[in-house]
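Each protein sequence line maps, in turn, to chains F and X.
In terms of the numbering used here, the first sequence is residues 633 to 782.
In terms of the numbering used here, the second sequence is residues 633 to 782.
A virtual CB, placed ideally from N, CA and C, is assigned to each residue, including glycine.
Nothing here was measured: the structure is a model prediction, and the numbers come from that model.
Protein chains: 2
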Amino acid sequence: MSCIKEEMFSKACKYAINAMIYVATLPEGVQRAGLKEIAQAINSPEAFTAKILQQLVRDELLNSAKGPHGGFEIQGDPNTITIAQIVGSIDGNLIFTGCALGLEKCSEDHPCPVHHKFKAVRDHLTGMMLTTNLKDIATRVNDGISFLKY
Amino acid sequence: MSCIKEEMFSKACKYAINAMIYVATLPEGVQRAGLKEIAQAINSPEAFTAKILQQLVRDELLNSAKGPHGGFEIQGDPNTITIAQIVGSIDGNLIFTGCALGLEKCSEDHPCPVHHKFKAVRDHLTGMMLTTNLKDIATRVNDGISFLKY
DNA sequence: TTAAATAAAGACAAAAATATCTTTAAATAT
DNA sequence: ATATTTAAAGATATTTTTGTCTTTATTTAA
Ligand code: FES
Ligand code: FES
């Protein structure tokens with residue numbers, strides 16, 4: 633094929649996760665992060681990132697404020713926000729529930745040929761996303777043991 | 633967003649896996665499966681499926697023959713062909729090695745914020761694909777315990 | 001040797017994802 | 001009040017993926 637792709641998550645979703653992490657790394661309550669600052673920090677296209685942030689605001693994962701000193705901040709407790717919520721907001725929930733081979737519905741009753749093998753992997757992924765909270769990974773970034781770009 | 637997607641594999645890849653499985657379900661040596669027959673069996677668009685089959689032929693996972701009674705057959709031993717090979721042929725190997733959050737390179741030295749959690753899942757997926765062979769899953773279809781469509 | 005059947009190849013089209021640009025609305029500070 | 005700063009919204013553009021159509025090449029069979 634012409635394609636050299638397939639990367640588990642969409643770009644939009646990756647930008648969303650990275651953006652959320654970046655905002656979560658900022659000291660709480662101090663000030664908001666602006667679009668420009670966020671896009672810079674995660675190395676993403678600014679205007680596209682704006683669309684993604686809007687979606688995260690709509691889904692109440694972020695708060696936003698306009699005007700001088702406006703920008704974005706995490707809505708709620710970073711300890712209780714999971715990667716799963718962010719992925720769900722941007723890419724939807726098919727990755728958690730969809731059939732690997734494209735059957736209309738993944739089920740035990742009418743399983744696709746790889747269902748019995750795939751389900752465990754998908755559940756592993758889902759579990760990982762549900763149990764990974766924003767606070768923990770932001771801390772890792774702040775501690776310099778993981779990185780948002782390059 | 634406008635998108636309701638994200639499904640682990642591309643459509644092309646799903647068609648490829650399903651097509652390979654279907655061809656593998658046919659009694660060996662008897663006769664080849666034609667494009668029409670394959671697309672019918674896996675419920676995929678014919679012309680697009682043709683492109684995908686061509687790629688699988690190029691990558692020596694299938695043999696093809698033109699003319700009357702032509703068509704496609706598995707090249708080599710279905711016991712030794714893995715899902716990983718099929719996915720690699722169509723979607724490339726980024727799903728096995730790429731960074732979840734889009735860093736240029738996944739590495740322990742410069743890990744992204746979810747590397748430590750994601751790597752295990754990715755390795756689980758990779759291991760599953762490497763150890764799942766075509767023969768086994770085709771047998772399940774032949775035994776009526778799994779399904780190629782709907 | 002011709003006709004029919006089939007895949008291969010290439011051009012084209014449509015849809016979706018990604019990305020940008022422009023205008024509008026809201027908040028702040030002067 | 002006005003100007004400035006910022007996000008929101010909407011229009012548009014580009015790229016990639018998915019899908020189709022037409023032509024060509026090859027094989028078989030009559
Ligand atoms: S039916 Fe395909 S993964 Fe469950
Ligand atoms: S660096 Fe991101 S998954 Fe390894």
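With hydrogens ignored, establish whether the beta-carbon of residue i is closer than 8 Å to any heavy atom of ligand 2.
i: residue 746(X); result: yes
i: residue 645(X); result: no
i: residue 869(F); result: Because chain F here runs from 633 to 782, residue 869(F) falls outside it and cannot be looked at.
i: residue 732(X); result: yes
i: residue 742(F); result: no
i: residue 735(X); result: yes
Give me the residue from the options with the minimum Cα distance to residue i.
i: residue 732(X); options: 712(X), 747(X) and 638(X); result: 747(X)
i: residue 709(F); options: 743(F), 691(F) and 660(F); result: 660(F)
i: residue 693(F); options: 759(F), 726(F), 772(F) and 765(F); result: 765(F)
i: residue 638(X); options: 734(F), 727(F) and 675(F); result: 727(F)
i: residue 700(X); options: 686(X), 738(X), 673(X) and 666(X); result: 666(X)
i: residue 711(X); options: 771(X), 759(X) and 641(X); result: 771(X)
i: residue 676(F); options: 686(X), 707(X), 702(X) and 735(X); result: 735(X)
i: residue 695(F); options: 707(F), 686(F) and 687(F); result: 707(F)
i: residue 717(F); options: 739(F), 690(F) and 741(F); result: 690(F)
i: residue 778(X); options: 739(F), 688(F), 662(F) and 686(F); result: 739(F)
i: residue 688(F); options: 715(F), 762(F), 737(F) and 761(F); result: 715(F)
i: residue 762(X); options: 741(X), 686(X) and 725(X); result: 725(X)
i: residue 783(F); options: 776(X), 741(X) and 775(X); result: Absent from the model: residue 783(F). The displayed extent of chain F is 633 to 782, so no value can be given.
Measuring only from the beta carbon, is residue i closer than 8 Å to any heavy atom that is part of ligand 1?
i: residue 738(F); result: yes
i: residue 750(F); result: yes
i: residue 664(F); result: no
i: residue 754(F); result: yes
One question on the structure: do residue i and residue j come within less than 9 Å of each other, judged by their Cβ atoms?
i: residue 671(F); j: residue 681(F); result: yes
i: residue 757(X); j: residue 705(X); result: no
i: residue 674(X); j: residue 781(X); result: yes
i: residue 644(X); j: residue 713(X); result: no
i: residue 640(X); j: residue 759(F); result: no
Since residue i and residue j are thought to touch, with beta carbons under 8 Å apart, how far apart are those beta carbons, to the nearest angstrom?
i: residue 653(F); j: residue 769(F); result: 6 Å
i: residue 743(X); j: residue 773(F); result: Between residue 773(F) and residue 743(X) the Cβ distance is about 10 Å, and since that is not below 8 Å, they are no contact.
i: residue 702(X); j: residue 664(X); result: 6 Å
Does the contact criterion of 3 or more C-beta pairs under 8 Å hold for the region 712–721 of chain X versus the region 645–664 of chain X? The region 712–721 of chain X is in contact with the region 645–664 of chain X.
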